[in-house]
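*Asks:*
2 protein chains.
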Amino acid sequence: MKSFLNTSSDGKVMIDRVFKAAVAAKEDEIKSGDIVVNATLGTLFDEDQNFVAFKSVWNAFKDIEDTQKAKYASSIQGNIEYRESIYRWLFSSIDEKMKAEIIATPGGAGAISSTLKNMLDPGEIAIKPSLGWGPYKTMAAEFGIKLLDYNMFKDNYFDIESFKEVTNKVMKEQGKVLVIINDPCHNPTGYTLTSNEWDQIIEHANILSASGPFIIINDIAYIDFNMKGNDWKKHFKKFNHLAENVMAIIAFSTSKTLTAYGARAGAQIVITKNEERLNDFKNAAIYSARSIWSTVSNGAMSLFAKVESDEKIYSKYIEEKQYYVNLLKERSEIFLKESKENSLDIYPYKEGFFITIKVEDNVYKETVYNRLMENHIYTVMVDGGLRVALCSVPKRKLMGLAKKIKDCM
Amino acid sequence: MKSFLNTSSDGKVMIDRVFKAAVAAKEDEIKSGDIVVNATLGTLFDEDQNFVAFKSVWNAFKDIEDTQKAKYASSIQGNIEYRESIYRWLFSSIDEKMKAEIIATPGGAGAISSTLKNMLDPGEIAIKPSLGWGPYKTMAAEFGIKLLDYNMFKDNYFDIESFKEVTNKVMKEQGKVLVIINDPCHNPTGYTLTSNEWDQIIEHANILSASGPFIIINDIAYIDFNMKGNDWKKHFKKFNHLAENVMAIIAFSTSKTLTAYGARAGAQIVITKNEERLNDFKNAAIYSARSIWSTVSNGAMSLFAKVESDEKIYSKYIEEKQYYVNLLKERSEIFLKESKENSLDIYPYKEGFFITIKVEDNVYKETVYNRLMENHIYTVMVDGGLRVALCSVPKRKLMGLAKKIKDCM
Numbered sequence: 001m002k003s004f005l006n007t008s009s010d011g012k013v014m015i016d017r018v019f020k021a022a023v024a025a026k027e028d029e030i031k032s033g034d035i036v037v038n039a040t041l042g043t044l045f046d047e048d049q050n051f052v053a054f055k056s057v058w059n060a061f062k063d064i065e066d067t068q069k070a071k072y073a074s075s076i077q078g079n080i081e082y083r084e085s086i087y088r089w090l091f092s093s094i095d096e097k098m099k100a101e102i103i104a105t106p107g108g109a110g111a112i113s114s115t116l117k118n119m120l121d122p123g124e125i126a127i128k129p130s131l132g133w134g135p136y137k138t139m140a141a142e143f144g145i146k147l148l149d150y151n152m153f154k155d156n157y158f159d160i161e162s163f164k165e166v167t168n169k170v171m172k173e174q175g176k177v178l179v180i181i182n183d184p185c186h187n188p189t190g191y192t193l194t195s196n197e198w199d200q201i202i203e204h205a206n207i208l209s210a211s212g213p214f215i216i217i218n219d220i221a222y223i224d225f226n227m228k229g230n231d232w233k234k235h236f237k238k239f240n241h242l243a244e245n246v247m248a249i250i251a252f253s254t255s256k257t258l259t260a261y262g263a264r265a266g267a268q269i270v271i272t273k274n275e276e277r278l279n280d281f282k283n284a285a286i287y288s289a290r291s292i293w294s295t296v297s298n299g300a301m302s303l304f305a306k307v308e309s310d311e312k313i314y315s316k317y318i319e320e321k322q323y324y325v326n327l328l329k330e331r332s333e334i335f336l337k338e339s340k341e342n343s344l345d346i347y348p349y350k351e352g353f354f355i356t357i358k359v360e361d362n363v364y365k366e367t368v369y370n371r372l373m374e375n376h377i378y379t380v381m382v383d384g385g386l387r388v389a390l391c392s393v394p395k396r397k398l399m400g401l402a403k404k405i406k407d408c409m
Numbered sequence: 410m411k412s413f414l415n416t417s418s419d420g421k422v423m424i425d426r427v428f429k430a431a432v433a434a435k436e437d438e439i440k441s442g443d444i445v446v447n448a449t450l451g452t453l454f455d456e457d458q459n460f461v462a463f464k465s466v467w468n469a470f471k472d473i474e475d476t477q478k479a480k481y482a483s484s485i486q487g488n489i490e491y492r493e494s495i496y497r498w499l500f501s502s503i504d505e506k507m508k509a510e511i512i513a514t515p516g517g518a519g520a521i522s523s524t525l526k527n528m529l530d531p532g533e534i535a536i537k538p539s540l541g542w543g544p545y546k547t548m549a550a551e552f553g554i555k556l557l558d559y560n561m562f563k564d565n566y567f568d569i570e571s572f573k574e575v576t577n578k579v580m581k582e583q584g585k586v587l588v589i590i591n592d593p594c595h596n597p598t599g600y601t602l603t604s605n606e607w608d609q610i611i612e613h614a615n616i617l618s619a620s621g622p623f624i625i626i627n628d629i630a631y632i633d634f635n636m637k638g639n640d641w642k643k644h645f646k647k648f649n650h651l652a653e654n655v656m657a658i659i660a661f662s663t664s665k666t667l668t669a670y671g672a673r674a675g676a677q678i679v680i681t682k683n684e685e686r687l688n689d690f691k692n693a694a695i696y697s698a699r700s701i702w703s704t705v706s707n708g709a710m711s712l713f714a715k716v717e718s719d720e721k722i723y724s725k726y727i728e729e730k731q732y733y734v735n736l737l738k739e740r741s742e743i744f745l746k747e748s749k750e751n752s753l754d755i756y757p758y759k760e761g762f763f764i765t766i767k768v769e770d771n772v773y774k775e776t777v778y779n780r781l782m783e784n785h786i787y788t789v790m791v792d793g794g795l796r797v798a799l800c801s802v803p804k805r806k807l808m809g810l811a812k813k814i815k816d817c818m
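Going down the list, the protein sequences come from chains A and B.
Note that the first sequence covers residues 1 to 409 in this note's numbering.
Note that the second sequence covers residues 410 to 818 in this note's numbering.
1) According to the Cβ coordinates, are I160(A) and P129(A) closer than 8 Å?
2) Out of G809(B), G794(B), Y787(B), state which residue places its alpha-carbon closest to the alpha-carbon of A430(B).
3) How about G761(B) and F634(B): are their beta carbons less than 8 Å apart?
4) Have a look at Y670(B) and D816(B) and give me their C-alpha separation to the nearest angstrom.
5) Write down every uninterrupted run of the alpha helix (DSSP H) in the segment 509-574 of chain B whose length is 4 residues or greater and which is fully enclosed by it, in chain order.
6) Using C-beta distances below 7 Å, list every residue in its chain close to F304(A), excluding the 5 sequence neighbours before and after it, in chain order.
7) Using 8 Å as the Cβ pair cut-off and three pairs as the minimum, do the segment 63-80 of chain A and the segment 450-468 of chain B touch?
8) Could you tell me which residues DSSP puts in a beta bridge with S253(A)?
9) Is the shortest distance between the beta-carbon of P348(A) and the beta-carbons of chain B less than 8 Å?
10) How about the segment 523-535 of chain B and the segment 501-509 of chain B: do they share at least three Cβ pairs that are nearer than 8 Å?
11) In chain order, what residues of the same chain lie with their CB nearer than 8 Å to the CB of M710(B), ignoring the 5 residues before and after it?
12) Out of V36(A), S3(A), D46(A), which one is the CA nearest neighbour of Y323(A)?
13) On the three-state DSSP scale, how would you describe K358(A)?
14) On the three-state DSSP scale, how would you describe A389(A)?
15) Helix, strand or coil, according to DSSP, for N79(A) in the structure here?
16) Look at the alpha carbon of V777(B) and the alpha carbon of R699(B), and state the distance between them as a whole number of angstroms.
17) Rounded to the nearest angstrom, what separates N274(A) and S417(B) at their Cα positions?
18) Give the DSSP bridge partners of N182(A), in chain order.
19) Can you tell me which residues form a DSSP beta bridge with F45(A)?
20) Under a CB-based cut-off of 8 Å, is R699(B) close to chain A?
21) Chain B partners of K2(A), CB-CB under 7 Å?
22) Quick check: what's the CA-CA separation for F645(B) versus D10(A)?
23) Report the CB separation of P593(B) from W641(B) in whole angstroms; it is logged as a contact under 8 Å.
24) Under 8 Å by Cβ, that's how I've got I271(A) and L242(A) pegged, so tell me the actual separation to the nearest angstrom.
25) Output, in chain order, the set of chain A residues within a Cβ distance shorter than 8 Å of G708(B).
26) By how many angstroms is the C-alpha of H595(B) removed from the C-alpha of I632(B)?
27) Give me the residue from K234(A), L178(A), S392(A) with the minimum Cα distance to V325(A).
28) Just verifying my parser: in three-state terms, what is the DSSP assignment at M636(B)?
29) Does any CB atom of chain A fall closer than 8 Å to the CB of A714(B)?
30) Comparing alpha-carbon positions, which option in T601(B), K581(B), R426(B), R497(B) lies nearest F623(B)?
31) Measuring straight from C-alpha to C-alpha, what distance separates V382(A) and E165(A)?
32) Please identify, using Cβ separations under 9 Å, the residues of the segment 376-403 of chain A that lie next to chain B, in order along the chain.
33) With 16 as the cutoff for other CB atoms within 10 Å, does I444(B) come out buried or exposed?
34) What three-state label does DSSP hand F353(A) in the structure shown?
35) Where do the N-terminal and C-terminal ends of the alpha helix (DSSP H) with V18(A) fall, by residue?
36) Any beta carbon from chain B within less than 8 Å of F415(A)'s own beta carbon?
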């Protein structure tokens, strides 16, 4: 007899490592107090270990009318003001018009998930970095999509050779490439690709696309915490020079950008030369939205549009955010310096919320993870290492941390 | 060469009839003014044609802390306070413990969509009412699920014979039944099943489940606008007496309940005898959530929990909502009386947001729809008829409307 659940859903169980580690840390904090270093949480905390909700943003939310929060979004594709604000947020430093379509999604998760679902058939392969955000795997599994990794680093730089090799192989086998690039401020290593590395990626994509569609998902969840600020966004101009058979989908999220994690607003920003294909993607994405989550939060979309379009609020926001970008830099400098001093092997960090300690062997990784917990240090096990969330650990607790970690290895 | 989009997504386009009709009405309102009857909008409007956002609800939202709105939800399954509030909201009038699991979803859409995706394999059949909410079709198509209808009415009552016949047929063919029942306040007819009709449905499900799993999706989007109020919810006790191989998934939404359409909070409430299967469903639903939309809006969940658990706010809410339940009754009485007087054939309305005029022939339906628009009357074309949204048309505009419609037929 059949089960209630269908063949692909029967027995699926999610294992949430971040959540588990966070709970363990919290329990220890109650027991052991301030000695605990909780480096599990992927959201911003200030130096007093208080959760940060940008005042510029959340005061603006108060000024949005109740009716606006209550009403349905004005379209499944997302409110026009929201989409226009996203366009300017990402592209206003570019001196060309970007040929893009924007579709609102619930966070960056919705953007990546919907893209995977609509681009690949079950059984096809998506390509992701060897070090990366855990839910890429869950998402692929949800839609019966297989995964293959490109190796992330070689000699502390992006391993472009592996990227080329794996994409070549997949193009040869399935006549289509979909590859995820989480940049800038890669989760969990904090790496940001150089302009030259991006050029090589795009050049390769343009060439390989002669053999089939080449799709780049550029996950930019942490974009607004890169140290160059809006200047980094000039990078997107490169997407205006993709070959006809290359498509870039930028997965944008207001979660980190606005410290609006719980508000669930993000977007797919699709760029490709051919207008018809751009339109096909948009139609498919809208269809999926209607069928899966319907509209995106109207209040959250209004909030982003308000922060972006109100000059006063925007400049307050930029100032407030810069304080935390600077704070992240200070925190990282402490940890990087001490890592070096203590020969703690970490992946090449440049900026962003996380640093990852290199521990390639899975059994040993779990041993270290447990030893750290015995010493009241809570990290998150990720592929290839242990993630330390700079975003949530104050400087005073980062001082001496590298040595303490090294001592557990 | 392959397309960017996969085989099932290439070429899909959503047609949003409600949106189109609403836009046409708005344009006419600008041109022709108050003569326009806009009966397209499925949200509450008061007698002055202002959108209604319950004060009790949205004032409460102001008192929720910024950090709570900013933070991620405390779990993928949904905040515990939210789930407990939903349990009490639906089941507190029942003198038994309900064996239920609750999983937060973005609105009722998310609840139905996730259930369809996890219960049926692509190619399998879901059963829906012959008259019903349009997106059931979009959702099924999104996941490659086929649809079969049971006939909704016979002699102005629920057509239980058709329900039995179609479910029997599908059980025989695929060894599993999944059927959608939108009750109370059925969209688009405003029908509510009698207690006896529900008994017959459940008795049939219990018997037929000997041949395979029998899954009931009970879409209760409009539950809090039924005229019996919380008393109606005693109905759910019946779900405690399902046979081992029957599962009920209640699709709940705060959209209409709280006039929080844009806030995107709903839930799956799963009920079945076997604890292991209950748990399997929960795990699959959480996995899908993580893979598709991640968490549900933290602010929206907090809002519902606050309205439910704060006695003062709750009693204000009940009072405020009752005013609109009464108003809907008054509006419906005008239209029902005049329909009778003018021999305008409508489906059996009992309560809720919508009345539907019976027009079975599709070509003729479009003719009438267009004629009505020429006369500044805007309805929505639905299967089997034209939907009139009582929720958004003031009494003064409902007076005489039945005759005007009849004159166009």
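Each residue gets a CB set at the ideal place from its N, CA and C atoms; glycine is no exception.
*Replies:* Short version:
1) Not a contact, by the Cβ cut-off of 8 Å.
2) Answer by Cα proximity: Y787(B).
3) A contact, by the Cβ cut-off of 8 Å.
4) If you draw a straight line from the Cα of Y670(B) to the Cα of D816(B), it is about 35 Å long.
5) Those alpha helix (DSSP H) runs which fall completely within the segment 509-574 of chain B and span 4+ residues are 516-528, 544-551.
6) Beyond the five residues adjoining it in sequence on each side, F304(A) comes within less than 7 Å, by CB distance, of Y82, S85, T254, L258, A265 in the same chain, given in chain order.
7) Short answer: they touch.
8) Beta-bridge pairing links S253(A) to G266(A).
9) Interface flag for P348(A) against chain B is unset, since no Cβ pair is found closer than 8 Å.
10) Contact fails: fewer than three Cβ-Cβ distances are below 8 Å.
11) Around M710(B): A482, G487, N488, E490, Y491, A513, A674.
12) Minimum Cα distance to Y323(A) is reached at D46(A).
13) Three-state result, K358(A): strand.
14) In this structure, A389(A) counts as strand in the three-state DSSP scheme.
15) If DSSP states are grouped into helix, strand and coil, N79(A) belongs with coil.
16) Cα to Cα, the separation comes out at about 45 Å.
17) In a straight line, the C-alpha of N274(A) is about 20 Å away from that of S417(B).
18) BP columns for N182(A) point to D219(A).
19) F45(A) is bridged to F51(A).
20) Residue-level contact check: R699(B) touches chain A, since one or more beta carbons of chain A fall below 8 Å from its beta carbon.
21) Near K2(A) (Cβ distances below 7 Å), the residues of chain B are G584, K585, G621, P622.
22) C-alpha separation (whole angstroms): 26 Å.
23) Indeed they touch by this definition, with Cβ atoms about 6 Å apart.
24) Going by Cβ atoms, the distance from I271(A) to L242(A) rounds to 7 Å, so yes, they are a contact pair.
25) Chain A residues near G708(B): G262, A263, G299.
26) I632(B) and H595(B): Cα-Cα distance of roughly 9 Å.
27) Ranked by Cα distance from V325(A), the first of K234(A), L178(A), S392(A) is S392(A).
28) When DSSP states are grouped into helix, strand and coil, M636(B) belongs to the coil group.
29) No - not a single Cβ of chain A is within 8 Å of the one on A714(B).
30) Measuring from the Cα of F623(B), the nearest candidate turns out to be K581(B).
31) Cα-Cα distance, rounded: 24 Å.
32) Within the segment 376-403 of chain A, contact with chain B at the beta-carbon level (separation under 9 Å) is assigned to no residue.
33) Exposed.
34) F353(A) falls in the coil class under three-state DSSP.
35) Its alpha helix (DSSP H) spans residues 17-32.
36) Given that chain A is displayed from residue 1 to residue 409, the structure contains no residue 415(A) and the question cannot be resolved.
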